[in-house]
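One structure below.
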Amino acid sequence: MANILDSINEPEQIALLSLEDRVFLADQIRERIIGVICKTGGHLASSLGVVELTIALLTIYNPAEDRIIWDVGHQTYPWKLLTGRRELFHTMRQTGGLSGFPRRSESVYDVFGTGHSSTSISAALGFAAARDLAGRNERIVAIIGDGSMTAGMAFEGLNNAGSLDSDITIILNDNEMSISKNVGALSRHLNKLLTDPTYNKFKDGVWKALGKVPSLGERVRIAAHEVSSAIKKTIVTPASIFEEFGVTYFGPIPGHDLAMLTGVLQRVKNISGPVLVHVITKKGKGYRPAEVRPVSHHGISGAAIKSPGITFTKAFSDTLLKVAEKDPTVVAITAAMPDGTGLSTFADRFPDRFFDVGIAEQHAVTFSAGLAFGGMKPVVAIYSSFMQRSYDQVIHDVALQNAPVLFAMDRAGIVGADGPTHHGIFDISMFLAIPGLTLAAPRDCTVLSKLISSTLSDLNEPTGIRYPRGQEPELRFPSPEVLHKGVGQVVRQGKHVLLIAVGTMVSTAMKVADILQGKGIDVLVFDPVWLKPAPVETIKELAFNRLTVTLEEGSITGGFGQFVTSVFSNSNALCLGIPDEFASHGSTSEILTELGLDSTGIADSIESYVRNSSEGS
Ligand SMILES: Cc1ncc(C[n+]2csc(CCOP(=O)(O)OP(=O)(O)O)c2C)c(N)n1
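Numbering that gives the first Met the number 0 applies: residue 0 is where the sequence shown begins, and numbers increase by one.
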């Protein structure tokens, strides 16, 4: 078989291929994705599920003019391979390489950047409204998964789509999976559509209908009713919720039958008003291990050697389980991330006390406030970057009413290959600004476990605990038996510089202190543990006769450094952290080095600060 994939340099070539060649192309795309991603790591299963869909879209639409908008964007590997990035595909998610998500800065074919879910319908509507105002006629398509469809934002988009009545096509890519099994009433509804007896009638009927509808070449614009009634006259589609939103529904369509998929999308393309095509795909299609275990193949870590240490996620999961065994009021909530957050074990052990609410961070937070006022102790486990979605709910529903909720914020700090959409660098600034909310950052898994147990033993106010992805750092220090709110710990003595390090930066700070020791600079390392209430009095005392430096894996602007040093009358402190920019993707250590936040970079910054200060005094 000729290598068709390697001959595709422009997406426009795809429409010129025969159907048979496009089917071969699908096989070759799968082979390439499996070959590369099993080595480098990345989002495997979702991308394998949309190979035919991507080819069909590029056959029917003109990607240079039409606007194809992917939701979440983790499934765009076939898209990247076919839109001019094939030769860079092996650099995926690495420093300086391709992003694992669509990026406007990476390609003209990535018309809307993503990473967080459920934005595609809103973005598509915006594009459509702009097109209508400008009097242009490009087509606008949003591709959204059944998991992403569970989010409030997707429904906000649908609601608006039904009233704007602008021409857009929404493709619902239904593989019955979010990262884990999809949940909720919408998922049930989609399943009902899928198992409706009219589905098979639809499959047969579609072919008949396609024969009756004029082809695209013959007519530039076809009125809505002409095509939809032509198809619907021949087949009875099951009643769907989307029709109630004023969105014309077609489906379900088998998503790996390239001929049928292309045929249906071609006809639907020219229907006016909002249209939703329900496409059924299989996550991991074509790679047996991913088909069988789509959850563990959603994102894979590739051939990287893994060390056996304990992760923060595991420490959280184990501790929560222990506490919940003794306290029946402890309940756990996730927004579609039971595995990533470590809550699956809790779900297995306490199914009645576990809530997967779908990709619905805002709802998860307000739901927890209700649980708290109802007498439960809710633990909401949400990645730091996804907490951004629920900022108003944290303020308005939790903090303002002093709802005792524990936020377990995993993936805080730089997360590595997923890049700027996923780095957890704003949580400190977000949380510190909210009155009544307390926030802690453990330096290792022991401190994390103690924080969870002690907070849950007397959960009486909203509390956040932020901890990073991956394993605890090598360096560990004994921690006090009980961690009192607002009390930190000196982990190394020194007379020249007070280095206040947040969370796992304590470990880096110890290495920095070693480096600086060799240069005659004596560093005291202080771990505040609690960022709010901060151990302000202790910090003031320690800062006496020492230069103060703060260090955090979070945004400098509004971060802990600025927060805590603002209490000094002479606030001549050096605040180190993530500068006012979006950190890129790559390995975490490379990103930190680039930001000057590796031990050598930090030591250099502190050394010049000390030298400049002594010259100035
Ligand atoms: C706001 C937000 N919350 C959580 C996530 C984590 N996440 C990434 S993909 C995904 C599941 C998406 O499911 P679906 O849309 O059905 O796509 P599939 O992977 O099944 O193709 C989740 C929960 C996210 N990207 N954005």
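Cβ atoms here follow ideal geometry from the backbone N, Cα and C, with glycine treated the same way.
Could you please give the first and the last residue of the uninterrupted beta strand (DSSP E) stretch that includes residue i?
i    : result
Y248 : T247 to P253
K531 : W529 to K531
I332 : V329 to T333
H277 : P273 to I279
P377 : K376 to A380
F366 : Note, F366: premise wrong, no beta strand (DSSP E); alpha helix (DSSP H) at E360 to F372.
D457 : No beta strand (DSSP E) contains D457, which DSSP labels as neither H nor E.
F353 : F353 to D355
Q488 : Q488 to R491
I573 : Note on residue identity: the sequence assigns Leu, not Ile, to residue 573. L573 to I577 is the extent of the beta strand (DSSP E) around L573.
S554 : L546 to S554
D526 : V522 to D526
A289 : No beta strand (DSSP E) contains A289, which is instead part of the alpha helix (DSSP H) from R287 to V291.
I142 : I139 to G144
I270 : From DSSP, I270 is part of no beta strand (DSSP E); its letter is neither H nor E.
I427 : Per DSSP, I427 belongs to no beta strand (DSSP E); it is in the alpha helix (DSSP H), D426 to L431.
Using C-beta distances below 6 Å, list every residue in its chain close to residue i, excluding the 5 sequence neighbours before and after it, in chain order.
i    : result
L498 : A508, V522, V524 and V548
I299 : G40 and L43
A572 : T547 and T564
Y608 : L573
L264 : A55 and I59
I167 : A123, A127, I139 and P273
L596 : none
Could you check how far apart the C-beta atoms of residue i and residue j are, in whole angstroms? I think they sit under 8 Å.
i    : j    : result
D396 : T365 : 4 Å
R187 : V140 : The Cβ separation is near 26 Å, so there is no contact.
T280 : N172 : 6 Å
I143 : I120 : 6 Å
S453 : L482 : 6 Å
For residue i, report the span of its alpha helix (DSSP H) as first-last.
i    : result
V511 : M504 to Q516
M408 : Note, M408: premise wrong, no alpha helix (DSSP H); beta strand (DSSP E) at L405 to M408.
S117 : Per DSSP, S117 belongs to no alpha helix (DSSP H) and is neither H nor E.
R21  : L18 to T39
E155 : G151 to L163
T344 : S343 to R348
N172 : First-last for N172: I167 to D173, but that is the beta strand (DSSP E), not the alpha helix (DSSP H).
I590 : T587 to E593
I54  : V50 to I59
L193 : A184 to T194
A500 : That residue, A500, is in no alpha helix (DSSP H); its beta strand (DSSP E) goes V496 to A500.
S442 : In the sequence as presented, Ser is not what sits at residue 442; that position holds Arg. It is not in any alpha helix (DSSP H) - R442 carries neither H nor E in the DSSP assignment.
Can you say whether residue i is buried or exposed, counting buried as having 16 or more other CB atoms within 10 angstroms of its CB?
i    : result
R102 : buried
G374 : exposed
K282 : buried
K449 : buried
T194 : exposed
S17  : exposed
N2   : exposed
S456 : exposed
V566 : exposed
A500 : buried
K494 : exposed
Q470 : buried
S6   : exposed
R287 : exposed
N269 : buried
L15  : exposed
P213 : Here the model assigns P213 a pLDDT of 41, short of 50, so the residue's position is not dependable, and the following value carries that caveat. By the neighbour-count rule (16 or more Cβ atoms within 10 Å), P213 is not buried but exposed.
S598 : buried
A602 : buried
F315 : buried
Here's a check: name, in chain order, each residue in its chain whose Cβ is nearer than 8 Å to the Cβ of residue i, leaving out the five neighbours to either side.
i    : result
K284 : R29, L47, G48, V50, H255 and E290
F372 : Q400 and A402
Y367 : The sequence shown places Ser at residue 367, rather than the Tyr named in the question. Around S367: I332, P377, V379, V397, A402 and V404.
For chain B, is any of its Cβ atoms less than 8 Å away from the one on residue i?
i   : result
A44 : Included in the structure is just one protein chain, with no chain B present.
Ordered along the chain, which non-local residues of its own chain (more than five positions away) have a Cβ less than 7 Å from that of residue i?
i    : result
Q624 : In the structure as shown, the chain starts at 0 and stops at 616, and residue 624 therefore has no counterpart that could be examined.
Q12  : none
Q392 : Q361, V364 and T365
D131 : S165
E242 : Y248
Return yes when the C-beta of residue i is under 7 Å from any heavy atom of ligand 3, and no when it is not.
i    : result
R388 : This structure lacks ligand 3; the ligands present are ligand 1.
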